[in-house]
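**Student:** Right, I'll just put the structure down here and ask away after.
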Amino acid sequence: MERKNPAKKKGMKNQNYTESQHTAFCISQRYGSQPFSEILDNIKGALKRREFDILFELNLKDYLKNHLKDMPSQVILSVCNPETAFSALSKDPQTGIFLPCSVTVKEIEQGNIKVSIEDTGITWSPSKELTQIARKTTETLKGILPEAEQPGMKL
C-alpha cells in the first residue's frame, strides 16, 4: 500500500529527499526502521548524554493542526549545553541571538524519519573567537545522529 504524503493536501512543498542531506545551515540523516516516537526518544537521550539540556520542545503537527488537515509529524528541540553557551557568550556577548541550537525530527516521505542538526559553524557569528567553539558544537551534535536508530538500520 502506497503511503500518501499529507503535506500535499494543503499545498505544502513536497521536498526531494534524494538530494544531499546537508544544506547550508544543517546536517541531516534519514532513518526508516523505527517509529517516529522511538527516534525522537533516542535523540533526546543522545542529547542528554552529551550534556545538552532540552529547553523547549515544539510539536509542529500539534501546533498547526488547526490550520492544516493533516501534517507529517515534526518536532523542534531547542537545546543548549550550558558550558558551551557560557564560553560562547564570554567570547562574544552577541552570540545570544544564536542560542539555543536547534535539532529537528520530522516524518518524511514513505514513512522515513529525518533528523537535522543545526550547523553552528555556519549559523553562529563569523567571529574568529567563536569559530572553534562553533565547530566543536557541530561535531558534538553530529554525534547524536548515529544514536537515533539501532545500528545498521539507517537509510
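Counting from 1, one number per residue, gives the positions in the sequence shown under full-length UniProt numbering. Using N, Cα and C, we set each Cβ at its ideal position, and we do this for glycine too.
#1: At the level of alpha carbons, what is the spacing between GLY11 and LEU58?
#2: So within the region 23-53, which uninterrupted alpha helix (DSSP H) runs reach at least 4 residues, ignoring any that extend past its ends?
#3: According to DSSP, is residue 185 part of a helix, a strand, or is it coil?
#4: Pick out whichever of LYS128, PHE86, ASP92 and LYS106 has its Cα sitting closest to the Cα of ARG30.
#5: Which of helix, strand or coil does DSSP assign to SER102?
#6: For LYS8, does the count of other Cβ atoms within 10 angstroms reach 16, so buried, or fall short, so exposed?
**Tutor:** Well, looking at it:
#1: Interpretation of GLY11 is limited by its pLDDT of 43, a score under 50 that renders its predicted location unreliable; the figure taken from the coordinates is listed afterwards. C-alpha separation (whole angstroms): 22 Å.
#2: 36-49
#3: Shown here, the chain extends from 1 to 155; a query on residue 185 therefore has no answer.
#4: LYS106
#5: strand
#6: In this prediction, LYS8 has a pLDDT of 44, which is less than 50 and means its spatial position is unreliable; nothing more can be read from the coordinates.
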